[in-house]
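Read through the structure below, which is laid out as structure tokens, and then see the notes.
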Amino acid sequence: MHHLTFWLSLILNIANGAMAQRYQLNQSHWRQCVEAFGPASFSPGTLASGAYPQSAITLNFANLVTAEKDPIVSVAIFRKSDGQLGGKVINGKMHYVCDSIAIEAGACRPESYGAFIGRLEDANHPILTEAVHISQYPSTIYFPLTGSGSYCVEAIGFTASTFSAVMRLHSAHGYLPAIQVGKWHFMAFCFLSSLCLSVAVAINHFKGRPSMEVHRSRLFVLVICLVCLDAAIAWANLTYINRHGYPYACETIRTLNIILRACRNAAVVFFALQSLRSRPSQDKSSPWVAYVLGAAAFAFTVGREREMLRDRNESRDALQLLWTLGSGVVIVISHIECLRKTMSLRRQPFREGKVTGSRAAHCTSLAMAIFTFCFLVLDAVLLRSWSRADEYGHDLLTRLWWARWFLVDEWQTISYLGLVVVPALGA
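Below, the structure written as structure tokens:
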């Protein structure tokens, strides 16, 4: 019963994090920046039926009863790279809102009273500024996205002492964050390659030339089933469910994918380290290493996948980097441990009556360790660069959009599949 309660609470917690697609703005939290993608980033095959025809940001204000006669909230929606253009110098002082002084100086028009002012003519991208009268049942503010980058929404009370608004990021690609959309070809590759690997191992097994002991081949079957199931469900979600307007099914499958992927990664690490064990009398510490690394792989995968399924915003960059690097470090340690075991096994001519020392397994383990370490360093640099790219007006985010899903996420899938290949090659 305790185990059932634990798993139910874990699934609900993950679902709550994965389904968070809205942002609350009020007098204390008045600024929110999110990563968004414009129409040029999408191919016709990724657009969702029934969704917004163009990606957009919407802002809805609640009609609150306040002490002010006409409470006004100043709203601005802009690209983060244009954030320094706000405000105008009037009589030696910087003014950010169109008030009576700014109107008298000719810095803004009377009908713009309460709206943000600035050097809008110098902006590289469209900027929306508006004065919202929250006591007059304001309509939804709609801001279409013209390009990919980080967008910010600011809402500051001008004459309103309190307000509440909900910001939503509507995507033309359905209910998944845009970074997930480019994955579906890769998911098909993972699914088909895993099937081919399992067929090859099965053929060797039935021909009497198994690549691993019988009691470990069952764990191999479990790992391959988890890999195939995860890839197949993600593939179906990306290619059909997400693009045909089934939000609840999409959110449920997203949560299921996180659990499956975490179980897959933990099982892969445990399987690889257990399959490469020498005789138990010579390697008593290996089970504990496998258990610890497997549990760490599960925990870091859950945290990383939750962050990857959110719309990235500036307040979560450090957390995303933490989970990604932690997950990568677990894989690096696992590959180093596999490399150490393959090196020790190559020195032994026989292990429990079975020829060992596959050169292919040793080379694969070495190559995957180098691959994982290089991508881990690259990941740290890119995640840090993306968090500051828009700040300096660079288009790094836009230019690397189609590669981001692999650079920050799915390279780890390749690394985990490498852990499956090493024992399957006969180490």
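Going letter by letter, the sequence shown gives residues -20 to -1, 1 to 407 in mature numbering (1 follows the signal peptide of the UniProt record, and there is no 0). Even glycine gets a Cβ: it sits at the ideal position worked out from N, Cα and C. Since we're looking at a predicted model, the values are computed, not measured.
If you ignore the 5 residues before and after L236, its C-beta comes within less than 8 angstroms of the C-beta of I213, all in its own chain and listed in chain order. One alpha carbon belongs to K49, the other to A140, and they sit about 9 angstroms apart.
One Cα belongs to R286, the other to I238, and the distance between them is close to 8 angstroms. Straight-line measurement puts the Cα of G127 at about 41 angstroms from the Cα of T344.
In the DSSP assignment, K68 forms a beta bridge with H75. Its Cα nearest to that of G94, the residue H75 stands out among H105, H75 and A16. According to DSSP, P124 shares a beta bridge with A36. Membership of S80 in any beta strand (DSSP E) is not indicated; the residue belongs instead to the alpha helix (DSSP H) covering S80 to E84. Judged by beta-carbon spacing, L108 lies within the 9 angstroms limit of A56, meaning their Cβ atoms are closer than that value. For Y131, the beta-bridge partners assigned by DSSP are V14 and R59.
Taking each of E15, G308 and A347 in turn and checking the Cα distance to L319, the smallest one comes out for A347.
Beta-bridge partners of M323 (DSSP): none assigned. Between N245 and A216, the C-beta gap is not smaller than 9 angstroms, which leaves the two residues out of contact.
A direct Cα-Cα distance of roughly 10 angstroms separates M323 from R339. The C-alpha of G137 is placed about 45 angstroms away from the C-alpha of V309. The secondary-structure analysis by DSSP pairs Y117 with nothing; it has no beta-bridge partner.
The Cβ-Cβ distance between S307 and F280 falls below 9 angstroms. According to DSSP, G137 shares a beta bridge with V53. According to the DSSP secondary-structure assignment, Q7 is paired through a beta bridge with no residue. Straight across, the Cα-Cα distance linking I81 with I52 is about 17 angstroms. Here A145 carries a strand assignment [DSSP, helix/strand/coil]. Spanning the alpha carbons of C230 and P90 requires a straight line of approximately 47 angstroms. A direct Cα-Cα distance of roughly 12 angstroms separates Q392 from C170.
Shown here, R2 sits in a strand according to DSSP, grouped into three states. Ranked by Cα distance from G72, the options Q64, A85, S61 and D62 are led by A85. The Cβ atoms of L356 and E317 do not sit closer than 9 angstroms to each other. Burial state of Y122 is exposed, judged by a 10 Å Cβ sphere holding fewer than 16 other Cβ atoms.
A distance below 6 angstroms between beta-carbons, with the five flanking residues on each side excluded, links Q254 to the following residues of its chain, in chain order: A270. A straight line joining the alpha-carbon of V146 with that of Q116 spans about 17 angstroms. In the displayed model, G308 falls within a helix according to three-state DSSP.
Rounded to whole angstroms, R59 and W268 show a C-alpha spacing of 50 angstroms. The three-state secondary structure of A111, taken from DSSP, is strand. Taken through DSSP and simplified to helix, strand or coil, G283 comes out as helix.
Counting the other Cβ atoms within 10 Å of the Cβ of I183 gives fewer than 16, which makes it exposed. A straight-line Cα-Cα distance of about 20 angstroms links A36 and S144.
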